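Student:
Residue numbers (the working numbering), protein chains in the order written: chain A, 87 to 159; chain B, 13 to 476.
(1) What whole-angstrom Cβ distance do residue 237(B) and residue 254(B) have, given they're in contact under 8 Å?
(2) In whole angstroms, what separates the C-alpha of residue 28(B) from that of residue 235(B)?
(3) Mind checking whether the beta-carbon of residue 441(B) lies closer than 6 Å to any heavy atom of the ligand SAM?
(4) Report the neighbours of residue 371(B) on chain A: residues whose CB is nearer than 9 Å to its CB, in chain order.
(5) Check whether the segment 382-390 of chain B and the segment 400-412 of chain B are in contact - that is, three or more C-beta pairs closer than 8 Å.
(6) Taking residue 243(B) and residue 225(B) to be in contact with their CB atoms under 8 Å, please state how far apart those CB atoms are, rounded to whole angstroms.
(7) How many Å lie between residue 444(B) and residue 26(B) at the Cα?
(8) Go ahead and pull the three-state DSSP assignment for residue 436(B).
(9) Note down, in chain order, every chain B residue with its Cβ under 8 Å from the Cβ of residue 102(A).
(10) Name the residues in the segment 340-357 of chain B whose C-beta lies less than 8 Å from a C-beta of chain A; which are they?
(11) Cα separation between residue 133(B) and residue 124(A)?
(12) What does the alpha-carbon distance come out to for the pair residue 397(B) and residue 116(A)?
(13) Starting from residue 58(B), follow the beta strand (DSSP E) in both directions and report where the run begins and ends.
(14) Residue 362(B) versus chain A: which residues are under 7 Å apart at the beta carbon?
(15) Looking at the C-beta of residue 139(A), does it have a partner C-beta in chain B at a distance below 7 Å?
(16) Chain B partners of residue 154(A), CB-CB under 8 Å?
(17) Identify every residue that forms a DSSP beta bridge with residue 262(B).
(18) Tell me residue 65(B)'s beta-bridge partners as DSSP assigns them.
(19) Within 7 Å (strictly less), CB to CB, does residue 419(B) reach chain A?
(20) Can you tell me where the beta strand (DSSP E) holding residue 131(B) begins and where it ends?
(21) Just the C-alpha distance for residue 17(B) and residue 114(A), rounded to the nearest angstrom, thanks.
(22) Using a Cβ-Cβ distance under 7 Å, would residue 149(A) count as near chain B?
(23) Could you spell out where the alpha helix (DSSP H) holding residue 357(B) opens and where it closes?
(24) Consider the Cβ of residue 468(B): report whether some Cβ of chain A lies at a distance smaller than 7 Å.
(25) Going by CA-CA distance only, name the one from 174(B), 380(B) and 61(B) that's closest to residue 422(B).
(26) For residue 85(B), does the three-state DSSP call read helix, strand or coil?
(27) Please check the pair residue 24(B) and residue 174(B), which I expect to be a contact at CB under 8 Å, by giving their CB distance rounded to whole angstroms.
(28) Would you say residue 211(B) faces chain A, with C-beta separation under 7 Å as the test?
(29) Can you give me the start and stop residues for the beta strand (DSSP E) that residue 161(A) sits inside?
(30) Specify whether the segment 360-377 of chain B and the segment 162-177 of chain B touch according to this definition: at least 3 beta carbon pairs, one from each stretch, less than 8 Å apart.
(31) What are the boundary residues of the alpha helix (DSSP H) that includes residue 111(A)?
(32) So, at 6 Å on beta carbons, what are the nonlocal neighbours of residue 158(B) in its own chain, with the 5 sequence-adjacent residues on each side left out?
(33) Express the C-alpha separation of residue 30(B) and residue 316(B) in angstroms, rounding to a whole number.
(34) Per DSSP, which one or two residues make a beta bridge with residue 468(B)?
(35) In whole angstroms, what is the alpha-carbon distance linking residue 158(A) and residue 129(A)?
(36) For residue 269(B), which residues in the same chain have their Cβ closer than 6 Å to its Cβ, ignoring the five residues on either side in sequence?
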């Protein structure tokens, strides 16, 4: 219920949007789930670095990796 | 003469060049099959018979003068209705864009045009390319040529159905989470999701800038190789890759995730595919892969906010003009925090590198199912935006979505049929920019088996 109320308020304040209850339930489910999805992979990736962070990983390095070019940072 | 539409793309192109068939005859044959099949399959959104025949006749005139535009001279194709062509309606499978007329032509269409392709029309797709089954709340679903009760896969639903039913010699689709590979797998044809960023996205409807890929579907890996050469402008790079023998290559079978819970019929077909590759001299080995179980969810964190950002004005102004499932998925994208979206993209770099430096360093390619289960029926997967939505989408796309997240190339080719006669397919995963190697492996399998030679029954069409 807390997630649904958060979703209702967030969508209204951020986007001026009102949504039906069914959609709100789906959206709220994702709000609860998203941090859990990231938790384990992030912890594993951070643990593999000296600083315990992903400070030197830029998302646009993916394109460099796909096309065999030097990383951009 | 048997129906010329039953030739493969490479056979048709060679026949036009040799003067054995005219482009007009090819176009007429395809148009006859489209007319016969459209009510059943709903594979096309728009058919341009007049334009196709005019273009075909122009190709024939040039051929008589010994002039050939390129490797696709006079070959009829059709494409998912999301590749823009200047001045021609492009619906994106939606109500919202029902009357959209772009002011530019997609670069991939320009390349196909320049190579001499003839365009038959635009193909069915899931609304805004969101949906892995081929359902579409706005224009009705596309039906599988092997069994109209079953889904085609999506979102390039019409591309899979049209190529399988021999309505076109090849087609473009797009793949953000499996949208080329799933319809190819479900309809029993070959589909390639290229390396992320290899093909131009200019003039192609956007969904997720990080994960969108145009990709070809055709009736053989050799056909796909010709299309890739045209689409990339890389000469005969992909066609040439088919020549060296595949013996000595190593294909890995992931020991985790991809084969978990595979249905027995699918497993048996994949076992047979393994034996076919081994007979061709390929070494097939078990290989450990990093844990991919979270990748489908991570892909959602990348894709849905990007899609929601594109759709926000329409979500605010015309929410009722979306189908319920598409609207719900876009709404979910609005609530993913930017930081978590970016964290998923940071992890993408690390996971892709781990695959390239790990299993894809030990093996030339990986072999997985394209779908763990048999092709589902429309009734089984018609869940709209209900509580079963997430699970249904996951069950259909959990083999393909991880690869979209990683950005690696993936080829799908048929390896069998289930008890109901629906296709079963394997997915071959490769290193970045090594599509040619995947096509060589696919071709080796295809030459040793007859799955692509079988034609689904098309109502009113000539038999093969």
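Glycine included, C-beta positions come from ideal geometry on N, C-alpha and C. A quick note: this is a predicted structure, and the numbers were derived from the prediction, not measured.
Tutor: Result, derived from the coordinates:
(1) Indeed they touch by this definition, with Cβ atoms about 6 Å apart.
(2) If you take the alpha carbons of residue 28(B) and residue 235(B), they lie about 15 Å apart.
(3) Among the components of this structure there are no ligands whatsoever, and the ligand SAM is therefore not found.
(4) Near residue 371(B) there are no residues of chain A at all, since even the closest Cβ is about 15 Å away, more than 9 Å.
(5) Judged by Cβ distances under 8 Å, the segment 382-390 of chain B makes contact with the segment 400-412 of chain B, as three or more pairs qualify.
(6) 11 Å between Cβ atoms; not a contact.
(7) The straight-line gap separating the alpha-carbon atoms of residue 444(B) and residue 26(B) is approximately 31 Å.
(8) Here residue 436(B) sits in strand by DSSP.
(9) Residues of chain B with a Cβ closer than 8 Å to the Cβ of residue 102(A) are, in chain order, 328.
(10) Hits within the stretch, in order: 340, 343, 344, 346, 347, 348, 349, 352, 354, 355, 356 and 357.
(11) The alpha-carbon atoms of residue 133(B) and residue 124(A) are separated by roughly 43 Å.
(12) Taking the straight line joining both Cα atoms gives about 14 Å.
(13) Counting along the chain, the beta strand (DSSP E) containing residue 58(B) begins and ends at 56-59.
(14) Near residue 362(B) (Cβ distances below 7 Å), the residues of chain A are 131 and 143.
(15) No, residue 139(A) does not count as interfacial toward chain B.
(16) Taking a Cβ-Cβ cut-off of 8 Å, the neighbours of residue 154(A) in chain B comprise 444 and 445, given in sequence order.
(17) For residue 262(B), which the question treats as bridged, DSSP gives the partners 295(B).
(18) Answer is none; residue 65(B) lacks a bridge partner.
(19) True, the Cβ-Cβ gap to chain A drops below 7 Å.
(20) Boundaries of the beta strand (DSSP E) harbouring residue 131(B): 130-135, taken from the DSSP string.
(21) Using only the alpha carbons, I get a separation of about 50 Å.
(22) Interface with chain B (7 Å Cβ-Cβ cutoff): residue 149(A) is included.
(23) For residue 357(B), the uninterrupted alpha helix (DSSP H) segment begins and ends at 350-369.
(24) It does not; no Cβ of chain A falls within 7 Å.
(25) That would be 380(B), whose Cα lies nearest to the Cα of residue 422(B).
(26) Three-state result, residue 85(B): coil.
(27) Not confirmed; about 15 Å, so no contact.
(28) Output row for residue 211(B): interface = no.
(29) One cannot answer for residue 161(A) here, as it falls past the ends of chain A, which runs 87 to 159.
(30) No, the segment 360-377 of chain B is not in contact with the segment 162-177 of chain B.
(31) Residues 107-133.
(32) Excluding sequence positions up to five before and after residue 158(B), its CB lies within less than 6 Å of the CB of 433, 434 and 468, all in the same chain and listed in chain order.
(33) So the two alpha carbons sit approximately 49 Å from each other.
(34) Residue 468(B) is not bridged to any residue.
(35) For residue 158(A), the predicted structure reports a pLDDT of 43, less than 50, and the residue's modelled location is therefore unreliable. A value from the coordinates is still provided. Just so you know, the alpha carbons of residue 158(A) and residue 129(A) end up roughly 24 Å apart.
(36) Excluding sequence neighbours, residue 269(B) sits near 304 and 305.
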